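*Asks:*
Numbering (this note's numbering), first residue to last: 948 to 1376.
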């Protein structure tokens, strides 16, 4: 099983998360459902109330009813699947901060993979990135507390903290035999949605989306305008290490590259009627220029929606590695009486336009390019130097100047060939 969340980092269940006012409205009048004579919801409520009373009266440490109920809610929701959960007021606030692209913590994306807390992707320029954390690293302990069996919201709580405070984690690298201790200092993390927009060579443009937060679509459209003005004739769209974000942002970005009305993604729920098609709209569509989309094991959720849609429509060639496979829909339903608490509930799965299930399967590239952890780390550092040269000294840049981004080089080669072919055909009488 794979679960996904951004830590302190982006918090509980941000990627692939959909806030559902409609669901919230429905819950205002929800009544217990009796499925058969032996399964009355009222009988179960009575059992829960009795257990709470016993805890309140006999437990060795005094607990408030609020604490007891919060614990019951956490247990009930986490027992469903790794993506569902209960959101306390603090967790709900943190989730809203995450979708805005600004939060505090160590700057990594984590998830459950094979029931082990795993780094999906480090966020560049964050404490986690600078400490050398990489996709696939397993977090075995946080401040000495083992993470085996630890719910993701609990891991989020332990990794989050005030700026400047330390946290110690035990990490087993993807290709390591022994774990290592990593000491980090928490920091404020601000994630721009788009980085590195530029011309690579011969009219091949490039831009990278770091996350699908609320401003992402507008930032991508602005970057495309800049590339067009620079005479870009093809595009490399880099979604590597992008853990996802908002469904609406994924749809808005995918539609920039598809014809109006093209199917982007379908969500299917438990019942036959719970099927929703998301189609491209808008008036500006960049549909003719050749494209390559880069993906890897750190591409999840909204990234997989965009990559799958462009692949199914024959709009782009996918280069890299199989993506993470996080394709379930979580609806956030605020709870009465004040709406300060909520449940995050898995209500559907994502399917690509051709009907492929994304969840726990991922999106396979058309051209597979695999790299070692060290090669990818060096390529990431060189990329940071190229995107923000003013932040690094010349000796630092020199050390990584020869680092090769094999997937990006392959993508540029593919587009070079396509442009040469198009030019040759255009010159024929």
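Glycine residues also receive a C-beta, built at the ideal position from the N, C-alpha and C atoms. This structure is a prediction, so every number in the text was calculated from the model and none was measured.
Look at the alpha carbon of residue 1078 and the alpha carbon of residue 1244, and state the distance between them as a whole number of angstroms.
*Replies:* Taking the straight line from one Cα to the other gives about 20 Å.
*Asks:* Ends of the beta strand (DSSP E) at residue 1344?
*Replies:* Here residue 1344 belongs to no beta strand (DSSP E); instead the alpha helix (DSSP H) covers 1341 to 1346.
*Asks:* If you scan the segment 1191 to 1215 from start to end, which runs of the beta strand (DSSP E) of 3 or more residues do you find wholly inside it?
*Replies:* Counting only runs of 3 or more, we get 1210 to 1215.
*Asks:* Around the C-beta of residue 1063, are 16 or more other C-beta atoms found within 10 angstroms, so that it is buried, or is it exposed?
*Replies:* Exposed, because fewer than 16 other Cβ atoms sit within 10 Å of the Cβ of residue 1063.
*Asks:* Check whether the segment 1238 to 1258 touches the segment 1310 to 1318, taking contact to mean three or more Cβ pairs, one atom from each stretch, closer than 8 Å.
*Replies:* In short, these stretches touch, since the Cβ pair count reaches three.
*Asks:* Mapping DSSP to helix, strand and coil, what is residue 1271?
*Replies:* The answer is coil: DSSP assigns residue 1271 none of H, G, I, E or B.
*Asks:* Relative to the C-alpha of residue 1161, which candidate in 1186, 1149, 1198, 1176 has its C-alpha closest?
*Replies:* The candidate whose alpha carbon is nearest that of residue 1161 is 1198.
*Asks:* With burial defined as no fewer than 16 other Cβ atoms inside 10 Å of the residue's Cβ, what is the status of residue 944: buried or exposed?
*Replies:* Only positions 948 to 1376 of the chain appear in this structure, which leaves residue 944 out of reach.
*Asks:* What does the Cβ neighbour count give for residue 1130, buried or exposed, with the cut at 16 atoms within 10 Å?
*Replies:* Exposed is the call here.
*Asks:* Measure from the alpha carbon of residue 1207 to the alpha carbon of each residue in 1348, 1089, 1175, 1231, then state which is nearest.
*Replies:* Measuring from the Cα of residue 1207, the nearest candidate turns out to be 1231.
*Asks:* So the candidates are 1227, 1374, 1292, 1210; which of them puts its Cα closest to the Cα of residue 1302?
*Replies:* Out of 1227, 1374, 1292, 1210, 1210 has the C-alpha closest to the C-alpha of residue 1302.
*Asks:* Can you confirm whether the segment 1346 to 1366 touches the segment 1293 to 1302 when touching is taken to mean that 3 or more C-beta pairs between the two stretches lie within less than 8 Å?
*Replies:* Counting Cβ pairs under 8 Å, fewer than three are found: no touch.
*Asks:* So what does DSSP say about residue 1004, is it helix, strand or coil?
*Replies:* Helix at residue 1004.
*Asks:* Apart from the five residues just before and just after residue 1359, which ones in its own chain have a Cβ nearer than 6 Å to its Cβ?
*Replies:* Correct list, in chain order: 1147, 1151.
*Asks:* For the candidate residues 1132, 1101, 1099, 1091, whose alpha-carbon lies nearest to that of residue 1113?
*Replies:* The residue with the shortest Cα to Cα distance from residue 1113 is 1132.
*Asks:* Which residue spans inside the segment 1238 to 1309 form an unbroken beta strand (DSSP E) run of at least 3?
*Replies:* DSSP runs (the beta strand (DSSP E)) wholly in the segment 1238 to 1309: 1238 to 1242, 1264 to 1267, 1275 to 1282, 1288 to 1298.
*Asks:* By DSSP, does residue 1051 sit in helix, in strand, or in coil?
*Replies:* DSSP places residue 1051 in strand when its eight states are reduced to three.
*Asks:* So, helix, strand or coil for residue 1080, using DSSP?
*Replies:* In the structure shown, residue 1080 sits in coil (DSSP, three-state: anything other than H, G, I, E or B).
*Asks:* Please classify residue 1361 as buried or exposed, where buried requires at least 16 neighbouring CB atoms within 10 angstroms.
*Replies:* Per the 10 Å Cβ criterion, buried.
*Asks:* What is the DSSP secondary structure of residue 1061, reduced to helix, strand or coil?
*Replies:* Correct three-state label for residue 1061: coil.
*Asks:* Report the residue ranges of all beta strand (DSSP E) runs contained in full by the segment 1059 to 1144; include only those spanning at least 3 residues, in chain order.
*Replies:* As far as the segment 1059 to 1144 is concerned, its whole beta strand (DSSP E) runs of at least 3 residues are 1063 to 1069, 1085 to 1089, 1113 to 1119, 1127 to 1132, 1134 to 1137.
*Asks:* Alpha helix (DSSP H) containing residue 1018: first to last residue?
*Replies:* Here the alpha helix (DSSP H) through residue 1018 covers 1012 to 1025.
*Asks:* Is it true that the CB of residue 1305 sits closer than 8 Å to the CB of residue 1272?
*Replies:* Going by C-beta atoms, residue 1272 is nearer than 8 Å to residue 1305.
*Asks:* Could you give the residue range of the beta strand (DSSP E) that holds residue 1231?
*Replies:* Counting along the chain, residue 1231 falls outside any beta strand (DSSP E), and DSSP gives it neither H nor E.
*Asks:* Within 8 Å, do at least three Cβ pairs link the segment 1237 to 1252 to the segment 1056 to 1070?
*Replies:* Cβ pair count under 8 Å is three or more, so yes.
*Asks:* For residue 1186, does the three-state DSSP call read helix, strand or coil?
*Replies:* Residue 1186: coil per DSSP, three-state reduction.
*Asks:* Along the chain, where does the beta strand (DSSP E) containing residue 1223 start, and where does it finish?
*Replies:* First-last of the beta strand (DSSP E) with residue 1223: 1222 to 1226.
*Asks:* Hey, would you say residue 1067 sits closer than 8 Å to residue 1190, going by beta carbons?
*Replies:* For residue 1067 and residue 1190, yes; Cβs fall inside 8 Å.
*Asks:* So does the segment 1281 to 1296 actually touch the segment 1022 to 1041, counting three or more Cβ pairs closer than 8 Å?
*Replies:* The segment 1281 to 1296, when compared against the segment 1022 to 1041, does touch it at the 8 Å Cβ threshold.
*Asks:* In this structure, does DSSP put residue 955 in helix, strand or coil?
*Replies:* Because the pLDDT at residue 955 is just 32, under 50, the model does not fix this residue reliably, and the value given afterwards should be weighed accordingly. In the structure shown, residue 955 sits in coil (DSSP, three-state: anything other than H, G, I, E or B).
*Asks:* State the Cα-Cα distance for the pair residue 993 and residue 1102, rounded to the nearest angstrom.
*Replies:* If you take the alpha carbons of residue 993 and residue 1102, they lie about 32 Å apart.
*Asks:* Please tell me whether residue 1234 and residue 1224 are closer than 8 Å, where the distance is taken between their beta carbons.
*Replies:* No, these two residues do not count as a Cβ contact at 8 Å.
*Asks:* DSSP state of residue 1350, grouped into three classes?
*Replies:* It is coil, neither helix nor strand.
*Asks:* Expressed to the nearest angstrom, what Euclidean distance is found between the alpha-carbon atoms of residue 1117 and residue 1087?
*Replies:* Each residue's Cα considered, the two are about 5 Å apart.
*Asks:* Can you say whether residue 1335 is buried or exposed, counting buried as having 16 or more other CB atoms within 10 angstroms of its CB?
*Replies:* So residue 1335 counts as exposed.
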